[in-house]
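*Asks:* In UniProt numbering, the protein residues as written are 1 to 526. Just so you know, even glycine gets a beta-carbon here, dropped at the ideal spot from N, CA and C.
1) Do residue 129 and residue 228 have their C-beta atoms within less than 8 Å of each other?
2) If you reduce the DSSP assignment to three classes, tell me which class residue 505 lands in.
3) Taking only the alpha-carbon atoms, compute the straight-line gap between residue 31 and residue 151 and give it to the nearest angstrom.
4) Would you kindly work out how many angstroms separate the C-alpha atoms of residue 373 and residue 477, rounded to a whole number?
5) Please give the ranges of any alpha helix (DSSP H) in the region 275-321, keeping only runs that are unbroken, at least 4 residues long and fully inside the region.
6) Count the other C-beta atoms from every protein chain shown that fall within 10 angstroms of the C-beta of residue 522, then say buried if there are 16 or more, exposed otherwise.
7) Excluding the five sequence neighbours on either side, which residues of its own chain have a C-beta within less than 7 Å of the C-beta of residue 433, listed in chain order?
8) If distances are taken between C-alpha atoms only, which option among 118, 123, 116, 117 comes closest to residue 109?
9) Starting from residue 226, trace the beta strand (DSSP E) both ways and give me its first and last residue.
10) Where does the unbroken beta strand (DSSP E) through residue 172 begin, and where does it stop?
11) What does the alpha-carbon distance come out to for the pair residue 502 and residue 257?
12) Within its chain, find whatever has a CB closer than 8 Å to the CB of residue 336; leave out the 5 residues flanking it on each side and keep chain order.
13) Output the distance between the C-alpha atoms of residue 329 and residue 223, rounded to the nearest integer angstrom.
14) Among 141, 147, 140, which one has its Cα closest to the Cα of residue 131?
15) Look up residue 471 in the DSSP assignment and say whether it is helix, strand or coil.
16) List the endpoints of the continuous beta strand (DSSP E) containing residue 161.
17) Counting C-beta neighbours from all protein chains within 10 Å, is the total for residue 292 16 or more, i.e. buried, or is it exposed?
18) Give the DSSP bridge partners of residue 215, in chain order.
19) By alpha-carbon positions, which one of 171, 159, 121 ends up nearest to residue 349?
20) Cα-Cα, which of 318, 371, 386, 338 is closest to residue 351?
21) Is there at least one Cβ from chain D nearer than 8 Å to residue 297's Cβ?
22) Residue 256 lies in the alpha helix (DSSP H); which residues open and close that run?
23) Any idea which residues DSSP pairs residue 343 with across the strands?
24) Using only CA atoms, which one of 242, 379, 520 lies nearest to residue 494?
25) Among all the DSSP beta bridges, which residues are the ones paired with residue 440?
26) Skipping 5 residues on each side, what residues in its chain have a beta carbon closer than 7 Å to that of residue 69?
27) Under DSSP, the alpha helix (DSSP H) around residue 418 begins and ends at which residues?
28) Hey, residue 492 and residue 508: beta-carbon distance below 8 Å or not?
29) Apart from the five residues on each side of it in sequence, which residues of its chain come closer than 6 Å, Cβ to Cβ, to residue 319?
30) On the criterion of 16 or more Cβ atoms from any shown chain inside 10 Å, does residue 542 qualify as buried, or is it exposed?
31) Please classify residue 230: is it buried, with 16 or more other beta-carbons within 10 angstroms of its beta-carbon, or exposed?
32) Residues in the same chain with beta-carbon distance under 7 Å from residue 518, minus the five sequence neighbours each way, listed in chain order, please.
33) Give a yes or no on contact between the region 351-371 and the region 261-276, applying the rule of three or more CB pairs nearer than 8 Å.
34) Going along the chain, which residues of its own chain have a beta-carbon closer than 6 Å to the beta-carbon of residue 498, five neighbours each way excluded?
35) Can you list, in chain order, the residues of its chain with a C-beta nearer than 8 Å to that of residue 213? Leave out the 5 residues immediately preceding and following it.
36) Let me know the secondary structure DSSP gives residue 26 once reduced to three states.
Here's what the structure looks like:
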C-alpha cells in the first residue's frame, strides 16, 4: 500500500512530538482508507510559522506502511524544502493547530479535496454551514463582497450595506439552536452597565446591528450583522516573523481582555472559549470610504478554488461550488501601534449563564482547556474556567507562544505539561490520573526525561529570549514578579482557588503596568 504525501511538517524541539506526528499520520491512513495527502492536507496549511522553536516545511514523499514504521523510529527522510511566501497563502496558526486536539475521540472522514485556509467542506451538510457566494444578497440589502473568515459554528462575510452605505460583517451560523443562544448572550451583554471600568468592557463586545434568518438547503440559519474588524490577535501573531507584540501594546491588550472578561462576568456570562483567535483588533473607519472597486484594488479580489469530491461525483445540494479565501485586513503583531491596540471579544457560541444552565464539557482548545473539565467531569463549569483561559491568553499576548505546548496532543500529554509547569495535581486528581505512572514518580519528578520545563524556563523561552533577540523591550525583574503573582493564582488547579476577574484587575501588574498602557490608548487619564 502506497501513501502519497504532500504535507506540512513542523520541526519541534521534542523528539516525542515527531513520533506523535507519524503515529497520527499512520493511524489516520489505516482508519479512513483515503490518501494521506488528502487527509493531512485538510488539517494543515502551507505557509510559515516563524519563531525560534519551530518552522513549517513541506516535502514530497512516497511511503509504504512499513516505511512509515521505519520513519517513526529513525525520523530520516528525503525531503524537498519549500518555505512558502507568507502573503501567498495564510498559515494555520499554532493556536489553530492546537485546536485540532480539542476532540481527541473524533474520526475524520474526508469527502472533498481539502482547500487550505478554507473551512472544512464536510461541514456543508444538513445542520451545518449555509453555502454562500460572492454577490449574494441578504434581505435585499447586504451584498456579499468578500469573506472575513470562519469558525466551528459559522462563516463570516464582508458585506456592503446598501442602505447605510457602510461595510458590515455578516455572521451566518450553522443550522443549530446553539447559535441562537450566542445571539441571546450578545443581547444580554448589550444591556446597560454603570460601573466605570466595566462600561469600558461593554465597548469590547460586538454590537448586533441587525439580525434575521436565512433558509437554505442545509436548514434555517441565524444571521447577524456587526461591524467588520481587522483580524484576530492570533492572525496578527501569525503575520509576524517574531510572533510578538511590542511590550506596551501587549500590556494594553491584556488589560482590555481582563476588562472584557470582567464585564461579561458581571452580566452573569461565562465565555467558555477564550483564546487569541476569538479576540479581534478593531478596524479603522477608513474602510467605509472605499467603494467596492476600491476595496478590491486595496485588498485584492476574492480568490476562489473549485470544490471537488474525492469520489468524483457531483456536488450535492448545500455544498458551494467554490471555496473562498478570506480577505486580509490586519497587520503583523510587532507592527501594531499602541493607538491601534483596541480589541473586541467575539465568538460567544460556547458562552453560557451558570445560573440558568449547567455545562460540563469544555470545547476550548486542549492547550488552553481548564483541568477541571477533565478531572471533575460531573461538576458544572463556571467563571473560574474563564480565569484559567484568561491567564493562558495573557501569557500568549505577552510572549511568543503558548504557556502549555502541544501538537496534536492528548489529554495525558497536556496534563504532563501542566504538572511540569505548575506542580503536582491535587491529591484526588493525582490518584485518578492513571498515566502518571508512565510520566512521573510519585514525588512529581519526571520519568524517562532528564529535565522538565519549569515556569521560569518557559518565561525565558517564550518571553524574554525572543524579545531580546529581536531588539524589543524585555520585562524587568519587578514586572516579572508581578506577572507571576497575578498569573500563578489564576492557574490554580482547583477552580475555587482562582481569583475573580475583579481581583485580577486589582493585581499589581494590572494596576502598575497594564491598565496605565490601556488608558494611553485613547489618550485617557485615570
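*Replies:* In this structure, then:
1) Counted from its first residue, the chain shown places residue 129 at position 129. Counted from its first residue, the chain shown places residue 228 at position 228. No; because the gap between Cβ atoms is not below 8 Å, this pair is not in contact.
2) Your numbering for residue 505 matches position 505 in the chain shown. Residue state, collapsed to three classes: helix.
3) In the chain shown, the residue the question calls residue 31 occupies position 31. In the chain shown, the residue the question calls residue 151 occupies position 151. Its pLDDT being 35, under 50, residue 31 is placed unreliably by the model, and the measurement read from it follows with that caveat. Looking at the two C-alpha atoms, the distance is approximately 26 Å.
4) If you number the chain shown from 1, residue 373 lands on position 373. If you number the chain shown from 1, residue 477 lands on position 477. If I take the Cα positions, the gap works out to 34 Å.
5) 292-299
6) Here residue 522 corresponds to residue number 522 of the chain shown, with the count starting at 1. Result: exposed.
7) Here the question's residue 433 lines up with position 433 in the chain shown. Correct list, in chain order: 415, 425.
8) As a working note, residue 109 is residue 109 in the chain shown. Cα-wise, what sits closest to residue 109 is 123.
9) Looking up residue 226 in the chain shown gives position 226. 219-226 is the extent of the beta strand (DSSP E) around residue 226.
10) In the chain shown, counting from the first residue as 1, residue 172 sits at position 172. Taken as a continuous stretch (DSSP letters only), the beta strand (DSSP E) holding residue 172 covers 166-173.
11) Within the chain shown, the letter at position 502 stands for residue 502. Within the chain shown, the letter at position 257 stands for residue 257. Near 12 Å, if we compare the C-alpha coordinates of residue 257 and residue 502.
12) Translated into positions along the chain shown, residue 336 becomes position 336. Counting only Cβ-Cβ distances below 8 Å, and skipping sequence neighbours, we find 236, 245, 246, 249, 281.
13) Translated into the one-based positions of the chain shown, residue 329 becomes position 329. Translated into the one-based positions of the chain shown, residue 223 becomes position 223. Roughly 22 Å separates the two Cα atoms.
14) Your numbering for residue 131 matches position 131 in the chain shown. Measuring from the Cα of residue 131, the nearest candidate turns out to be 147.
15) Taking the first residue of the chain shown as 1, we reach residue 471 at position 471. Note: residue 471 maps to coil in three-state DSSP.
16) Reading the chain shown from its first residue, position 161 is the one you call residue 161. 154-161 is the span of the beta strand (DSSP E), which, as asked, contains residue 161.
17) Counted from its first residue, the chain shown places residue 292 at position 292. Residue 292 should be labelled exposed.
18) Reading the chain shown from its first residue, position 215 is the one you call residue 215. In DSSP, residue 215 forms a bridge with 220.
19) For the purposes of this step, residue 349 is taken as the residue at position 349 of the chain shown. If we check each option's Cα against that of residue 349, 171 comes out closest.
20) Residue numbering aside, residue 351 sits at position 351 when the chain shown is read from its first letter. Residue 351 has its Cα closest to that of 386, out of 318, 371, 386, 338.
21) Among the chains of the structure shown, chain D does not appear; only one protein chain is present.
22) The count along the chain shown starts at 1 and reaches residue 256 at position 256. It spans 247-266 - the alpha helix (DSSP H) in which residue 256 sits, taken as one unbroken run.
23) By 1-based counting over the chain shown, the position of residue 343 is 343. Bridge partners of residue 343: 281.
24) Position 494 of the chain shown, counted from the first residue, corresponds to residue 494. The shortest Cα separation from residue 494 among 242, 379, 520 belongs to 379.
25) What you label residue 440 is simply residue 440 of the chain shown in a count that begins at 1. Residue 440 is bridged to 446.
26) For this step, residue 69 is matched to residue 69 along the chain shown. The predicted model places residue 69 with a pLDDT of 38, which falls under 50 and marks its position as unreliable; any figure quoted below should be read in that light. The answer is none, since no qualifying residue turns up.
27) For this step, residue 418 is matched to residue 418 along the chain shown. That run of the alpha helix (DSSP H) goes 411-422.
28) By one-based count along the chain shown, residue 492 stands at place 492. By one-based count along the chain shown, residue 508 stands at place 508. For residue 492 and residue 508, no; Cβs fall outside 8 Å.
29) Taking the first residue of the chain shown as 1, we reach residue 319 at position 319. Same-chain partners within the cutoff: 124.
30) Coverage of the chain is limited to positions 1 through 526, which leaves residue 542 absent and any answer about it impossible.
31) As a first step, residue 230 is located in the chain shown; it is residue number 230 there, counting from the start. That one is buried.
32) The residue labelled residue 518 in the question sits at position 518 within the chain shown. Around residue 518: 252, 255, 256.
33) yes
34) Start at 1 with the first residue of the chain shown, and residue 498 comes out as number 498. So the qualifying residues of the chain are 384, 387, 490, 492.
35) By 1-based counting over the chain shown, the position of residue 213 is 213. Contacts found: 220, 221, 222, 223.
36) In the chain shown, counting from the first residue as 1, residue 26 sits at position 26. Any reading at residue 26 is ruled out, since the residue's pLDDT is 34, under 50, leaving its predicted position unreliable.
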